[in-house]
Every structure is written in structure tokens, then in C-alpha cells.
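Reviewing the structure listed below.
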Amino acid sequence: MLRDEDRKSIARIAGDLVKVSARWRCLPFHYFRYGGYRREVSSERACSYLPESALFHRLLPA
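In our numbering, the protein residues as written are 1 to 62.
Right under this line is the structure:
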């Protein structure tokens with residue numbers, strides 16, 4: 001991410017991380033894994049990704 005020249009500004013990334021964390025109530029590892037930091041990915045699109053922790057721990061309980 002740090003070497004990617006097509007990334008958003010640090011302020012926009014921080015704002016996205018707050019939105020994604022509030023939406024899913026978990027740490028947003030998927031934001032970095034799936035390239036949510038790239039300029040073409042809107043914050044709404046970044047929030048639409050379903051994090052694995054939400055899937056396995058909330059939607060598919062044991």
C-alpha cells in the first residue's frame with residue numbers, strides 16, 4: 001500500500017477506516033487486502049465488502 005502510487009491521501013484513508021469500522025464493528029483488515037485504499041474505490045464501495053470476521057462470527061455462528 002505504501003508504495004502504490006494510486007492510493008488515496010492519508011486523511012481519506014483514515015476517514016474510510018472509521019466508516020468501515022463503524023459499519024461492520026470490527027478491524028478493517030479487508031480494506032487493505034482488497035485494495036480499498038486505491039483512488040477508484042469509494043468509501044461506500046469499501047463499506048460494501050463483507051469482512052470475514054463478520055461472516056464467520058456473526059452471520060454463521062457455531
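The C-beta atom is built at its ideal place from N, Cα and C for all residues, glycine as well. Quick caveat: nothing in here was measured; it's all calculated off a predicted structure.
Of the residues the options, which one's Cα is nearest the Cα of residue i?
| i | options | result |
| --- | --- | --- |
| Glu52 | Met1, Ser43 and Pro28 | Pro28 |
| Ala22 | Arg33, Gly35, Glu44 and His57 | Glu44 |
For residue i and residue j, which I take to be in contact (beta-carbon distance under 8 Å), what is that distance rounded to the nearest angstrom?
| i | j | result |
| --- | --- | --- |
| Asp16 | Ala46 | 5 Å |
| Tyr37 | Lys8 | 6 Å |
In three-state DSSP terms, what is residue i?
| i | result |
| --- | --- |
| Arg58 | helix |
| Arg25 | coil |
| Arg12 | helix |
| Arg7 | strand |
| Arg39 | coil |
| Leu17 | helix |
Drop a sphere of 10 angstroms on the beta-carbon of residue i, count the other beta-carbons inside from all chains shown, and report buried for 16 or more, exposed for fewer.
| i | result |
| --- | --- |
| His57 | exposed |
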